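Here the protein sequences come in this chain order: A and B.
When we follow the numbering used here, the leftmost residue of the first sequence carries the number 163, and every step to the right adds one.
When we follow the numbering used here, the leftmost residue of the second sequence carries the number 225, and every step to the right adds one.
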Amino acid sequence: MNRPYVRRALRLLGAVVIVALVIAFYFRVVSVNNTTVALTLLLVIFGISTAWGLLEASVASVAAVLGFNYYFLPPVGTFEIQDPQNWVALTAFLITAVMASQLSVRAKRRTQEAVSRRREVEGLYALSQSLLLSGSARTASQDLVSRVVKILGVTNAAFHSRLSPETFRWGPDDPLISDEQLQADRDEPLIDRSRGLAIVPVRLGGQALGNLGLSGPLPSEEVLNAVAYLVAIGIERARVLEESSRAEAARQSEVLKSALLDALAHDIKTPLTSIKAAITSLLGQPRPDADRELMTIIHEETDRLNRLVAEVIEMVRIEAGQLHLEKGPQDVSEIIGSSVVELKPQLQDRLVEVRLQDSLPVADADFDFVRQALRQLLDNALKYSPPGSPLTISARAGEGRIVISVADRGAGIDEQEQLRIFDKFFRAREHRFRVPGTGMGLAIAKGIVEAHGGKIWVTSEPGQGTVFSFSLPVYRGQMVQ
Amino acid sequence: MSAGKILVVDDDPQIRRVMRATLIGHKYEVSDARNGEDALNRISAEMPDLVLLDMNMPGIGGLETCQHLRSGSDVPIIILSVRNSEKDKVAALDAGADDYITKPFGMEELLARIRAALRRAPTSPESGPHAVSTEDLEIDFDTRRVHVKGKEKRLTPKEFELLRYLVSQAGKPVPHRELLQAVWGPDYGDEPEYLRVFINQLRKKIEPNPAKPKYIMTEPWVGYRFATPAQELPPSPE
């Protein structure tokens with residue numbers, strides 16, 4: 163704490179000693195005229211003012227005037243002055259010494275200020291450049307704190323990020339920058355030059371990102387504010403970069419997943435294509451009955467394998483969030499009609515009743531996927547209701563939704579099983595070994611309906627039949643006339 | 225005598241083997257190509273009567289190959305693909321394919337489609353209408369040109385045949401089966417999704433607002449009907 167005062171006192175003493183040495187030199191060693199002594203003393207005083215400052219120079223001036231008077235102006239050995247001309251000379255000497263010292267000190271201060279401004283600007287530039295090199299928001303924060311210490315020449319720097327929230331510190335352990343001060347809400351910087359502490363809010367576009375704390379020799383307030391602004395830009399830049407690279411990584415992973423699923427579907431279906439083409443080709447030719455029976459088995463099992471693969475891939479797609487719906491205005495009656503026509507070979511002599519509410523609104527849906535979901539429900543109804551029993555498909559609208567239902571007159575589903583019927587691989591106990599299926603159909607239908615933002619549910623009365631229903635959003639887009 | 229010359233384009237050697245064996249058994253001449261580039265190189269030398277084209281191949285894919293083939297030739301093209309979404313069918317048909325069959329397929333079905341494609345003979349122009357003209361739609365069946373609001377629209381052969389048949393029955397609902405058989409052939413009839421693809425494409429090309437069609441009307445559960453503005457007036461008592 164006392165060091166600056168001690169140094170100053172030593173310098174003052176030094177100034178007096180130097181003046182004394184010059185006077186002693188001319189008084190004892192070399193004998194010269196008074197003008198030479200005065201000019202030498204002036205030179206020494208300029209030197210002191212340039213090197214140490216105005217106070218030292220002023221003390222040296224007074225010492226020089228007193229010494230010059232005592233040792234060189236007659237009567238020598240006294241502080242008296244006989245010749246009035248010498249009074250004038252002595253006064254002129256004092257004024258010249260003090261004024262010249264002042265000028266010299268001012269020039270020196272200007273130079274120092276210019277140098278420190280230049281250093282500050284260089285520091286800010288270096289800091290802004292280093293911002294371009296930082297990586298993630300987290301490493302950027304740590305990096306920035308260490309760079310602030312290095313570039314600004316402060317002892318310690320700490321940044322408290324409000325977004326994480328986390329505190330990053332750099333420099334020796336220092337109790338001066340407390341967590342409390344760093345975490346406080348502040349609009350204005352706190353600058354305490356006597357303790358060498360500054361806490362500057364870091365904000366960008368009105369949003370508070372945190373506080374930057376510095377301790378040690380502080381730069382000017384302008385520089386502190388500029389540093390805080392640079393830190394804000396650096397952190398925001400790192401955050402945006404991180405976010406965009408994360409989004410890009412996610413997008414690439416989606417693309418990869420989708421491509422993998424496509425490749426998988428293709429690679430499994432290609433050999434199935436050869437098998438099916440070969441076996442159907444053989445079946446197209448006249449064959450003995452026994453051969454035909456075996457070939458028919460190969461054919462049927464190929465189809466079964468194909469359906470299984472299609473369902474598994476569909477299920478994986480749904481679970482990976484890879485259903486790429488192409489929603490648009492869809493006429494529900496067309497979806498129903500097309501599903502029924504497609505199932506015609508399986509319908510045989512079944513009666514399918516279709517009940518459509520008058521002036522049904524258009525659904526916002528992907529035709530292919532909704533048709534697939536409806537087909538699963540129809541397929542299910544066909545499998546689990548007695549041959550020849552009728553099916554009813556109905557569609558009605560209400561509360562911004564269109565509800566499509568498939569009703570059968572099967573044995574119904576008990577309450578326990580209703581809860582689990584849409585689970586993947588779930589098969590009803592009594593049908594598990596009787597009716598072929600993978601247990602994925604309803605889970606796929608559910609995935610498709612939910613991807614549309616709809617709901618799927620079942621109501622059933624054991625012994626009476628089952629109704630599967632799902633809802634689709636009504637198309638809200640412009641239907642230009 | 226050969227029933228026709230077929231170029232099989234598929235990157236999978238086993239599929240090419242099965243095709244070759246079966247098609248030769250049905251009296252077709254068969255040549256094959258392993259990819260799109262190979263197919264394009266062979267087409268001018270081989271002069272096939274029909275091309276079976278795999279959609280998913282390395283190098284230039286099936287779609288691009290189809291476009292290239294179509295730009296220089298009128299040969300019937302049947303696309304073979306593992307994908308069965310409407311989007312993929314539309315893309316294939318839009319690239320100029322005549323037909324689309326999903327892998328895996330039964331050989332009987334493929335043979336039927338090959339026969340239909342080879343038989344492709346447009347319904348004779350004399351029996352059908354010659355022209356339709358409304359405020360925003362002009363169809364000239366003799367020159368095979370369609371103008372919508374003065375702008376010429378390019379229709380694929382199948383789209384054109386579909387439109388011609390609907391217009392020839394203007395005002396009457398044409399059932400799905402009848403329409404499919406009239407345009408694709410007698411082996412067709414259970415491909416309503418097929419018709420949907422082509423009707424959608426046609427609507428996009430000729431309807432001022434495809435979401436609210438005024439020419440090609442859907443007759444729920446029956447089929448489609450071509451409505452001319454005059455026929456939309458209340459019918460006069462007979």
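In this text, a Cβ means the ideal position worked out from N, Cα and C, and glycines have one as well.
Please read these numbers as outputs of a predicted model, since none were measured by experiment.
| Asked | Found |
| --- | --- |
| Presumed contact (8 Å Cβ cut-off) between A/V565 and A/F630, rounded CB distance | With a Cβ gap of about 11 Å, A/V565 and A/F630 do not count as contacting. |
| For B/R449, the first and last residue of its enclosing beta strand (DSSP E) | 447 to 450 |
| Inter-stretch contact (C-beta, 8 Å, three-pair minimum) for the region 576 to 587 of chain A and the region 601 to 613 of chain A | yes |
| A/V191, buried or exposed, once every other Cβ within 10 Å from all chains shown has been counted against 16 | exposed |
| Residues near A/N196 by beta carbon distance below 6 Å, same chain, minus five either side | F234 |
| First through last residue of the alpha helix (DSSP H) which encompasses A/Y232 | 216 to 234 |
| Inter-residue Cα distance where the pair is A/L467 and B/V372 | 48 Å |
| A/S556 at chain B interface by Cβ criterion, 7 Å | no |
| CA-to-CA distance, A/V362 to A/N387, given in whole angstroms | 7 Å |
| Bounding residues of the beta strand (DSSP E) (the contiguous stretch that carries B/Y324) | 323 to 326 |
| B/H371 in three-state terms, based on DSSP | strand |
| Closer than 7 Å to chain B by CB, A/K438 | yes |
| For A/V532 and A/G572, the rounded distance between their alpha carbons | 24 Å |
| Anticipated Cβ contact below 8 Å, B/V254 with B/I230, distance rounded | 5 Å |
| Chain-order list of residues whose beta-carbon lies under 7 Å from that of B/Q405 (same chain, five-residue window excluded) | Y412, G413 |
| A/T212 and A/S266 closer than 7 Å at C-beta | yes |
| Nearest candidate by alpha-carbon position, reference A/T258, set A/A200, A/A288, A/E515 | A/A200 |
| Extent of the continuous alpha helix (DSSP H) run through A/T240 | No alpha helix (DSSP H) holds A/T240; DSSP gives it neither H nor E. |
| Cut-off 8 Å between Cβ atoms - residues of its own chain near A/P552, not counting five sequence neighbours on either side | R512, L513, V514, E515, R571 |
| Every unbroken beta strand (DSSP E) inside the region 353 to 440 of chain A [3 residues or more] | 359 to 366, 369 to 377 |
| CB contact flag (B/D278, B/L304, <7 Å) | yes |
| Boundaries of the alpha helix (DSSP H) in which B/H400 is found, first to last residue | 400 to 407 |
| Chain A within 7 Å of B/M281, Cβ atoms only | no |
| Whole-angstrom distance between A/A360 and A/P351, CA atom to CA atom | 7 Å |
| Secondary structure of B/I168, DSSP reduced to three states | Outside the modelled stretch of chain B, which goes from 225 to 462, sits residue 168 of chain B, for which no answer is possible. |
| Contact list for B/D414 against chain A, beta-carbon separation under 9 Å | V503, E504, K506, P507 |
| Best match in B/P353, B/K375, B/D366 for proximity to B/E359 [C-alpha to C-alpha] | B/K375 |
| Of the residues B/R401, B/E362, B/F422, the one placed nearest B/P381, counting alpha carbons only | B/F422 |
| Chain B within 7 Å of A/N468, Cβ atoms only | yes |
| Below-7 Å beta-carbon distance, A/L419 vs any chain B residue | One point to set straight first is that residue 419 of chain A is Lys, not Leu, in the sequence displayed. So no, A/K419 is outside the interface. |
| Short-range partners of chain B found in the region 438 to 465 of chain A, where Cβ spacing is below 9 Å | K438, A439, A440, I441, T442, S443, L444, L445, G446, Q447, H461, T464, D465 |
| Residue burial classification, B/K313 (beta-carbon count within 10 angstroms, cutoff 16) | buried |
| Listed by chain order, chain A residues near B/P399 by CB distance under 7 Å | Within chain A, no residue comes near B/P399; the closest Cβ sits about 11 Å away, beyond 7 Å. |
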